[in-house]
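See structure below.
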Amino acid sequence: MASAAVLATITLIGGVILLLLTIYLVQKYSSEDVPLYVKVISVFGWYLGFAIILIVPLDIYIAQTTNATNPYLVMWWYLTYWSTFFLNMLLFPYMRSYLEAGEFTVKGKLIRSLKNELPFYVLYIVIIGATIGVLMSYKKGREALEKQGVAGTLMTLNMVVGLFSIILVLGYGIAAMPKYIFSKGSHKYQLDRQLFNLANTESAMILQDSHTRNLIGQVDSMRVPTHLHEFHLVVKRICQKF
3 MASAAVLATI TLIGGVILLL LTIYLVQKYS SEDVPLYVKV ISVFGWYLGF AIILIVPLDI
63 YIAQTTNATN PYLVMWWYLT YWSTFFLNML LFPYMRSYLE AGEFTVKGKL IRSLKNELPF
123 YVLYIVIIGA TIGVLMSYKK GREALEKQGV AGTLMTLNMV VGLFSIILVL GYGIAAMPKY
183 IFSKGSHKYQ LDRQLFNLAN TESAMILQDS HTRNLIGQVD SMRVPTHLHE FHLVVKRICQ
243 KF
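Residue numbers 3 to 244, in the numbering used here, belong to the letters of the sequence shown in order.
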């Protein structure tokens, strides 16, 4: 059996390599205009997911060789679980709303993102409260709450919500993906789609042409007095462009 020092060294080296790989992947697949704090949080989230590849074999090896649970690994699993819980349920949705907010100040973006995400937070709290209330109304439910505690109850509810979300996503994907693939093979569908896109493009071109003509008219109306104006050369160049 490998010594504790060897296992710690292997885990440390693997963790460092995994961290460097995560940083490289985030930097490679992220756009240049992505803020630095988004990349940092993404690296943290990705690292927690990738670290399972490193921790699970180590956990199984220690459990089989020592017939005991390593307290540091237990601490790591708790850290991974609650960090993922915080990122998925709170930080990631809030940060997405913050980045999509149309306000021009940090305060405005924070308030807008809070308004957008507050209904989901309230709904989640209501679901947790209702579930705990239902469990408290039964003897076995009260015993389960006393046995599992608040942390165990939150973990269970989070798993239920996560599984429900997966069912919704997979249910949509199971129906939508074959439908999308079949539609790609239909020549009539592709023809109708291209005709629809062509009509939209033609409408956009007509609208843009109208705006351009209005702009030309406005610039042209400035021709007469511009020889006395400081922007005479600029207006003259614009007129020459058209």
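Cβ atoms here follow ideal geometry from the backbone N, Cα and C, with glycine treated the same way.
Values in this document were obtained by computation on a predicted structure and should not be read as measured data.
Return the CA-CA distance between residue i and residue j, expressed in angstroms with no decimal places.
{"i": "Leu209", "j": "Thr86", "result": "48 Å"}
{"i": "Ile183", "j": "Glu148", "result": "51 Å"}
{"i": "Ser185", "j": "Phe198", "result": "15 Å"}
{"i": "Leu125", "j": "Gly135", "result": "15 Å"}
{"i": "Asp211", "j": "Leu193", "result": "27 Å"}
{"i": "Asn72", "j": "Trp78", "result": "10 Å"}
{"i": "Ala146", "j": "Gly104", "result": "46 Å"}
{"i": "Val188", "j": "Gln220", "result": "Going by the sequence as given, residue 188 is Ser instead of Val. Looking at the two C-alpha atoms, the distance is approximately 48 Å."}
{"i": "Leu14", "j": "Val8", "result": "10 Å"}
{"i": "Ile130", "j": "Ala206", "result": "49 Å"}
{"i": "Thr68", "j": "Tyr74", "result": "14 Å"}
{"i": "Ile169", "j": "Val163", "result": "10 Å"}
{"i": "Val45", "j": "Ser32", "result": "11 Å"}
By the DSSP assignment, the alpha helix (DSSP H) with residue i in it spans what residues?
{"i": "Leu91", "result": "Here residue 91 turns out to be Met, not Leu, going by the sequence shown. Neither: Met91 is in no alpha helix (DSSP H) and is coded neither H nor E."}
{"i": "Val136", "result": "108-138"}
{"i": "Ala65", "result": "38-68"}
How would you call residue i, buried or exposed, if buried means at least 16 neighbouring beta carbons within 10 angstroms?
{"i": "Tyr100", "result": "buried"}
{"i": "Val152", "result": "exposed"}
{"i": "Val28", "result": "buried"}
{"i": "Thr24", "result": "buried"}
{"i": "Ile12", "result": "exposed"}
{"i": "Ser139", "result": "exposed"}
Tell me whether the stretch 111-118 and the stretch 55-68 touch, counting them as touching only if at least three CB pairs, one residue from each stretch, are closer than 8 Å. Touching, no.
Taking 8 Å as the threshold, find out whether the stretch 18-29 comes into contact with the stretch 38-50 through three or more Cβ pairs. Yes, the stretch 18-29 touches the stretch 38-50.
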